[in-house]
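Residue numbers (this note's numbering), protein chains in the order written: chain A, 837 to 950; chain B, 389 to 499.
Here a beta-carbon is modelled for each residue, glycine too, at the ideal position from N, C-alpha and C.
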């Protein structure tokens, strides 16, 4: 099975712009979670989607949003970018039916905001 | 809500020495526990997980972890470190479809 893929891998944006990141989960996985990873804050949970519905949400401002499509692919959007949004954004998928299932991570998208 | 505390943001060991990475969790219900490893410029990869049953769990690359309910701990160990183990390690707890990660421990292996 193909793993979790994320596009693009690297991105440079300017403050005030918006950005959309994409994640394709492992085939058959219905849950997709997004995380922000920075040296200072570590790995922080953004949100999780299951069968096109947001099931869990972390403590991030409304500038961060996401969605999931019927084929389980997911996108996250960040509007009005700030310098502090520079981070590695990780997507993870799982079957989603049980909490005992592990998450499978993609390689991440490194976003740099200048 | 559950949470995870990893004791020690940096751990340094010599090649061949014991690796011990500490993880304590807080959960109101029986937890599912995981250890992940992250190599530079990569995503996280599962090392091992505890769901139910045997409390000593063996994972990939020679790592193992023991679930101790009385101590609310899930420490990761490896008897003999090698250079390839240098990476960042994350402990995670999951229940109710909500997975939470610790802050991570960076392992350095000295030759």
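Ranked by Cα distance from residue 473 (chain B), the first of B:440, B:464, B:449 and B:457 is B:449.
Fewer than three Cβ pairs drawn from the region 918-927 of chain A and the region 443-461 of chain B lie within less than 8 Å of each other, which leaves the two stretches out of contact. Using a CB distance cut-off of 8 Å, residue 878 (chain A) counts as an interface residue toward chain B. In the structure shown, residue 878 (chain A) falls within a strand segment according to DSSP collapsed to helix, strand and coil. The Cβ atoms of residue 912 (chain A) and residue 947 (chain A) do not sit closer than 8 Å to each other. The Cβ atoms of residue 488 (chain B) and residue 390 (chain B) sit closer than 8 Å to each other. Of all residues in the region 933-948 of chain A, only 935, 936, 938, 939, 941, 942, 943 and 944 place a beta-carbon less than 7 Å from a beta-carbon of chain B. Judged by DSSP secondary structure, residue 466 (chain B) falls within the beta strand (DSSP E) whose first and last residues are 461-466. Rounded to the nearest angstrom, the Cβ distance from residue 854 (chain A) to residue 916 (chain A) is 7 Å, consistent with a contact under 8 Å.
According to the DSSP assignment, residue 440 (chain B) belongs to no beta strand (DSSP E), since it is labelled neither H nor E.
Residue 937 (chain A) and residue 892 (chain A) have their C-alpha atoms roughly 16 Å apart.
Among the residues of chain B, those whose CB is under 8 Å from the CB of residue 926 (chain A) are 431 and 432, following chain order.
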